[in-house]
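*Asks:* In the working numbering, the protein residues as written are 1022 to 1368.
Rendered as structure tokens:
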């Protein structure tokens, strides 16, 4: 097991020094969680979980954690292990069986496998992270303009093009010049982007930045909330590990969670299992385009759990990443049931 902390004060100081001065379009989106005091409880939780792993595994996960594309997958893997331990199971991380390495193996007192648990994190496309960093960079440039208005992009029939660093600089300069010349302007066009000054019946909405401008940028993730993508990935996991579970005659469990950018949650998965005719979209005030989705209300999508899957466990993406709620565990009609745990919660 690992001794010492990975994410104590020394880590925070190093991380801040390494990444703190980078421009927003190059700084990791995880930066605040890695260094800010209000996220200390997150870092403490990660240290607690990593301390329970062999040193080599802990070091590998600690090295991947703060990369945008790995942050939530690593978090969900650690959370699944925490849930299994809290239920009284003895577990091993990434132990190899027959050329496959399930994320977690529940062990008997004799060190034999009694359950395989694979983890899946529903992730947005990788380019999402670059989009968000780019829009955040433009937000911060506009926030330096000393006119206290709120700007949003004019809606269109296509997603707005994400500005590169050079374009963002020129756009912010043009917006600054126009606002300072005409603080009462209601719209500004700069390098192909049309900004609207947000207003209500009383006039321009006050900026959250006080006397400085606020740009409510596109979220970079606006669009339909799609739980079906997650269940397709679960099906793939089951196909990969079904033979291994059958060979050892043990249950196969998939622990699933979602990156916050996808907005898939427990209710979405519940509705897909029940076949309820619902459509969900995610968007922020700055999203000028949210896309479209078609659904046959007479025959809505429905997911039937594979027979080789013994259970699907949902992991919350809020600390402490709980899984203990009975509603978070769906039992399949599979052949193998879960082993009895020493505590209630996953049985």
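C-beta: ideal position from N, C-alpha, C; glycine also.
Please report the distance separating the alpha-carbon of residue 1122 from that of residue 1342.
*Replies:* Answer to the nearest angstrom: the Cα atoms are 23 Å apart.
*Asks:* May I ask you to report which of helix, strand or coil DSSP gives residue 1214?
*Replies:* Looking at residue 1214 - three-state DSSP - the assignment turns out to be strand.
*Asks:* Hey, is the region 1123-1142 in contact with the region 1096-1115, meaning 3+ C-beta pairs nearer than 8 Å?
*Replies:* In short, these stretches touch, since the Cβ pair count reaches three.
*Asks:* Figure out for me which residue from 1282, 1097, 1249, 1208 has the closest Cα to the Cα of residue 1217.
*Replies:* Looking at the Cα atoms, 1208 is the closest of the given residues.
*Asks:* Which one or two residues does DSSP pair with residue 1279 in a beta bridge?
*Replies:* Its beta-bridge partners are 1143.
*Asks:* Are the CB atoms of residue 1251 and residue 1192 nearer to each other than 8 Å?
*Replies:* No; because the gap between Cβ atoms is not below 8 Å, this pair is not in contact.
*Asks:* Going straight from the alpha carbon of residue 1329 to that of residue 1273, what length do you get?
*Replies:* Their Cα atoms are separated by approximately 7 Å.
*Asks:* In chain order, what residues of the same chain have a beta carbon less than 8 Å from the beta carbon of residue 1106, not counting five sequence neighbours either side?
*Replies:* Here the set comprises 1073, 1112.
*Asks:* List the residues that DSSP assigns as beta-bridge partners of residue 1118.
*Replies:* Partner(s): 1121.
*Asks:* Under three-state DSSP, which class holds residue 1347?
*Replies:* Residue confidence is low: residue 1347 scores 42 on pLDDT, short of 50, so the model does not pin down where it sits. Its coordinate-derived value is still stated next. Helix at residue 1347.
*Asks:* Decide if residue 1187 is buried, meaning its Cβ has at least 16 other Cβ atoms within 10 Å, or exposed.
*Replies:* Exposed, because fewer than 16 other Cβ atoms sit within 10 Å of the Cβ of residue 1187.
*Asks:* Can you tell me which residues form a DSSP beta bridge with residue 1173?
*Replies:* Bridge partners of residue 1173: 1217.
*Asks:* Can you give me the Cβ contacts of residue 1206 inside the same chain, cut-off strictly under 8 Å, excluding the 5 residues immediately before and after it?
*Replies:* So the qualifying residues of the chain are 1199, 1200, 1218.
*Asks:* Indicate whether the contact test is met: 3 or more Cβ pairs, each with one atom in the region 1152-1165 and one in the region 1035-1048, closer than 8 Å.
*Replies:* A contact exists between the region 1152-1165 and the region 1035-1048.
*Asks:* Tell me the DSSP secondary structure of residue 1335 in three-state form.
*Replies:* Residue state, collapsed to three classes: strand.
*Asks:* Mind reading off the beta-carbon distance from residue 1294 to residue 1335? Whole number of angstroms is fine, and I expect it under 8 Å.
*Replies:* That belief does not hold up - the Cβ atoms of residue 1294 and residue 1335 are roughly 11 Å apart, past 8 Å.
*Asks:* Just to confirm my understanding: we take residue 1231, look at its own chain, exclude 5 residues before and 5 after, and list those with CB closer than 7 Å. What are they?
*Replies:* Excluding residues within five positions, the ones whose Cβ falls inside 7 Å are 1169.
*Asks:* Is DSSP giving residue 1274 helix, strand or coil here?
*Replies:* Three-state DSSP puts residue 1274 in a strand.
*Asks:* Ordered along the chain, which non-local residues of its own chain (more than five positions away) have a Cβ less than 8 Å from that of residue 1071?
*Replies:* So the qualifying residues of the chain are 1023, 1027, 1079, 1082, 1083, 1099.
*Asks:* Leaving out five residues before and five after residue 1040 in sequence, what residues of the same chain have Cβ atoms less than 6 Å from its Cβ?
*Replies:* Result list for residue 1040: 1048, 1052, in chain order.
*Asks:* Roughly how many angstroms separate the alpha carbons of residue 967 and residue 1172, rounded to a whole number?
*Replies:* A query on residue 967 cannot be resolved here, the shown segment of the chain reaching from 1022 to 1368 and no further.
*Asks:* What do you get for residue 1059, buried or exposed, if any count of 16 or more other CB atoms within 10 angstroms of its CB means buried?
*Replies:* Result: exposed.
*Asks:* Any idea what DSSP makes of residue 1196, helix, strand or coil?
*Replies:* Looking at residue 1196 - three-state DSSP - the assignment turns out to be helix.
*Asks:* What would DSSP say about residue 1388, mapped onto helix, strand or coil?
*Replies:* Limits of the chain in this structure are 1022 at one end and 1368 at the other, which puts residue 1388 out of reach.
*Asks:* Applying the criterion that 16 or more other CB atoms from any shown protein chain within 10 Å of the CB defines a buried residue, is residue 1096 buried or exposed?
*Replies:* It counts as buried.
*Asks:* Is it right to say residue 1179 is buried, meaning 16 or more other beta carbons lie within 10 angstroms of its own, or is it exposed?
*Replies:* Exposed: under 16 other Cβ atoms inside 10 Å.
*Asks:* Between which two residues does the alpha helix (DSSP H) harbouring residue 1076 extend?
*Replies:* Taken as a continuous stretch (DSSP letters only), the alpha helix (DSSP H) holding residue 1076 covers 1076-1086.
*Asks:* Applying the criterion that 16 or more other CB atoms from any shown protein chain within 10 Å of the CB defines a buried residue, is residue 1120 buried or exposed?
*Replies:* When all chains shown are included, residue 1120 counts as exposed.
*Asks:* Rounded to the nearest angstrom, what separates residue 1259 and residue 1117 at their Cα positions?
*Replies:* Cα to Cα, the separation comes out at about 17 Å.
*Asks:* Can you have a look at residue 1306 and say buried or exposed, based on whether 16 or more other CB atoms are within 10 angstroms of its CB?
*Replies:* The residue in question, residue 1306, is exposed, as its Cβ has fewer than 16 Cβ neighbours within 10 Å.
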